[in-house]
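Numbering (the numbering used here), first residue to last: 2 to 184.
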């Protein structure tokens with residue numbers, strides 16, 4: 002019922018309006034899960050659904066001057082969300098962030114953060130959640146000081162914040178912080 006409600010709400014929008022998702026797990030509902038559940042109308046909606054990263058990358062590939070970024074030096078490390086790895090191109094974030102002038106961008110070869118939505122917050126699952134997230138936390142701890150860590154998943158950012166001294170950003174936050182508003 003929730004899926005049908007969501008699809009109907011999006012179908013009410015203009016037909017050419019892209020539907021952008023900041024959260025990869027929400028995107029996967031429209032790109033894959035609702036199809037598997039047989040939600041009516043999803044075939045009309047899902048082709049319009051895009052991850053934020055993919056939308057902005059496509060924009061900049063077509064119109065390189067659509068967004069201008071400050072030319073400061075930035076080190077960035079990306080942790081890709083499990084849903085992105087499963088149904089999209091996780092390296093799109095890396096290609097997008099390479100549009101930041103004078104930046105060094107690293108795609109972290111990490112597995113699951115261990116949070117998995119509410120899973121890691123359950124008392125009986127906490128130890129397992131931390132164990133799964135250890136590899137990610139260790140790789141972040143090994144990064145050069147001052148490296149910005151990007152994680153598009155809400156749960157991923159929560160786990161990174163919990164297990165490391167780093168405050169991770171969503172890719173949209175990092176791009177917004179680096180916009181050149183003087184141009």
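No residue lacks a Cβ here, since even glycine has one placed at the ideal position from N, Cα and C.
Small disclaimer: the values here were computed from a predicted structure and weren't measured.
Asked, Found
"State the beta-bridge partners of residue 149 as determined by DSSP.", "77"
"Among residues of its own chain, excluding the 5 on either side of residue 105, which ones have a beta-carbon nearer than 6 Å to its beta-carbon?", "76"
"For residue 26, which option in 143, 122 and 88 has the closest C-alpha, if you only look at C-alpha atoms?", "88"
"Quick one: Cα of residue 17 to Cα of residue 132, how far?", "44 Å"
"Classify residue 177: buried if its beta carbon has 16 or more other beta carbons within 10 angstroms, exposed otherwise.", "exposed"
"With burial defined as no fewer than 16 other Cβ atoms inside 10 Å of the residue's Cβ, what is the status of residue 1: buried or exposed?", "As shown, the chain starts at 2 and ends at 184. That puts residue 1 outside it, with no answer to give."
"Please work out which residues of its chain come closer than 7 Å, Cβ to Cβ, to residue 138, disregarding the five sequence neighbours upstream and downstream, and give them in chain order.", "164 and 165"
"On a Cα-Cα basis, can you pick out the residue from 130, 48, 111 and 43 that is closest to residue 117?", "130"
"When you compare only the Cα positions, how much space is there between residue 237 and residue 171?", "Any answer about residue 237 is impossible in this case: the structure gives the chain only from 2 up to 184."
"By DSSP's criteria, residue 106 is part of a beta bridge. Which residues make up the other side?", "77"
"Where in the segment 27-86 do unbroken runs of the beta strand (DSSP E), each at least 3 residues long, occur, reported from the N-terminal end onward?", "50-52 and 75-80"
"By DSSP, does residue 175 sit in helix, in strand, or in coil?", "helix"
"Nearest to residue 143 by alpha carbon, out of 107, 14 and 13?", "107"
"Are the beta-carbon atoms of residue 58 and residue 67 separated by less than 8 Å?", "no"
"What's the call for residue 182, buried or exposed, on a 16-neighbour Cβ count within 10 Å?", "exposed"
"State buried or exposed for residue 152, treating a residue as buried only when at least 16 other CB atoms are found within 10 Å of its CB.", "buried"
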